[in-house]
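Remarks on the structure that follows.
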Amino acid sequence: MARKTKQEAQETRMSLLDAAEQLFQQRGVSRCSLQDIALSAGVTRGAIYWHFKDKAELFDAMMDRATMPLEEGMDVNVDAKGVLSLRDLRWGLVNVFYSAMHNERTRRVFEIAMQKVEYTGEMQALKERKLQSHRNWREQNRLCFEHAIEIGQLPPSLNTSRAAVALVALVDGLLHQWIMDPESFDLMDVGQTAIEGFLNSLSHSPSACAEPLLPPMTAEEIARLGQQGICQGLKRED
1 MARKTKQEAQ ETRMSLLDAA EQLFQQRGVS RCSLQDIALS AGVTRGAIYW
51 HFKDKAELFD AMMDRATMPL EEGMDVNVDA KGVLSLRDLR WGLVNVFYSA
101 MHNERTRRVF EIAMQKVEYT GEMQALKERK LQSHRNWREQ NRLCFEHAIE
151 IGQLPPSLNT SRAAVALVAL VDGLLHQWIM DPESFDLMDV GQTAIEGFLN
201 SLSHSPSACA EPLLPPMTAE EIARLGQQGI CQGLKRED
């Protein structure tokens with residue numbers, strides 16, 4: 001039998017990831033075997049093991065495929081120390097909401113990660129990665145807030161660690177609520193309003209008549225939604 005070309009191997013890999021996405025969403029991760037995925041993709045079980053050592057690695061690759069293209073765009077928005085500005089943090093989080101609403105693959109893998117996987121058995125190894133992802137997300141927020149204090153955008157009295165946790169909870173909660181019931185509210189509208197309200201509440205002048213901490217999103221920022229990076233802390237898992 002002739003050896004597969006790199007293109008053929010890549011096509012097989014993509015077919016397996018496509019099949020895994022569909023079956024994981026329909027049945028849940030624990031109820032799908034590698035054999036089920038192979039049959040759905042029209043390949044042998046051996047083809048799966050040529051690309052992935054187990055279901056956990058396949059799951060990880062499925063999440064990476066959906067989130068990595070979004071993450072890459074965020075790299076251009078960090079300073080030399082790898083810290084986001086408040087404005088870019090806002091954009092990245094709004095882009096998460098936009099991508100969940102308008103990119104079918106992004107929405108599908110978010111739904112799988114939030115509702116269709118149990119981190120037990122062969123999936124237990126991914127639990128620590130999920131935890132680390134959230135830790136990284138909180139730290140990214142904290143560093144952003146610390147930088148904003150340094151340049152005078154936020155008050156020195158702000159507890160940046162608490163604010164970082166609160167922002168994660170806000171975004172994570174909105175995503176979970178929308179994934180559970182997409183018809184209940186407009187994720188972009190509610191999400192952007194909530195993020196901007198939260199960030200503005202951290203500023204020096206929280207009164208209703210005060211100048212907002214962040215200006216409205218520009219046409220260029222709106223045009224980039226769905227085209228570039230997802231917040232680094234949300235990559236792969238949530």
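One point on numbering: in the numbering used here, the residue at position 27 of the sequence shown is 27, and numbering is uninterrupted.
Just so you know, even glycine gets a beta-carbon here, dropped at the ideal spot from N, CA and C.
These numbers come from a predicted model, not from an experiment.
DSSP places T106 in the uninterrupted alpha helix (DSSP H) bounded by 104-115. For V29, no alpha helix (DSSP H) segment is defined, and its DSSP state is neither H nor E.
Closest in C-alpha terms to T106, from the list R224, I48, D64, comes D64. Cβ atoms of E150 and T160 stay farther apart than 8 Å, at about 11 Å. The criterion of a C-beta distance shorter than 8 Å is not satisfied by A41 and L58. When DSSP states are grouped into helix, strand and coil, Y49 belongs to the helix group. As the crow flies, the alpha-carbon of D36 is around 18 Å from that of D60. The beta carbons of L187 and A100 sit closer together than 8 Å. Cβ contact annotation for N95 (same chain, cutoff 6 Å, sequence separation greater than five): L225, in chain order. Around the beta carbon of K53, a 10 Å sphere encloses fewer than 16 other beta carbons of the protein chains shown; the residue is thus reported as exposed.
For F97, the closest alpha carbon among the candidates R87, F110, L86, S85 is that of F110.
For F198, the enclosing alpha helix (DSSP H) covers residues 187-201. By the C-beta density criterion, T120 is exposed, having fewer than 16 other C-beta atoms within 10 angstroms. Relative to L202, the option among Q132, N141, G92, D189 whose CA is nearest is N141. In this structure, DSSP gives G121 a helical state, which the three-state scheme calls helix. Between Q227 and the set A66, I48, R13, the nearest pair of CA atoms involves A66.
Counting C-beta atoms within 10 angstroms of its own C-beta, M62 has 16 or more neighbours from the protein chains shown and is therefore classed as buried.
Under the three-state reduction of DSSP output, D54 falls in the coil class, being neither helix nor strand.
In the structure shown, V43 falls within a coil segment according to DSSP collapsed to helix, strand and coil. One thing to note: L86 has its Cβ within 8 Å of the Cβ of A148. In the three-state reduction of the DSSP assignment, N136 falls in the helix class, which pools H, G and I. Contact between L214 and R90 holds, with the beta-carbon distance rounding to 6 Å and staying under 8 Å. Under the DSSP assignment, G226 falls outside any alpha helix (DSSP H); it carries neither an H nor an E label.
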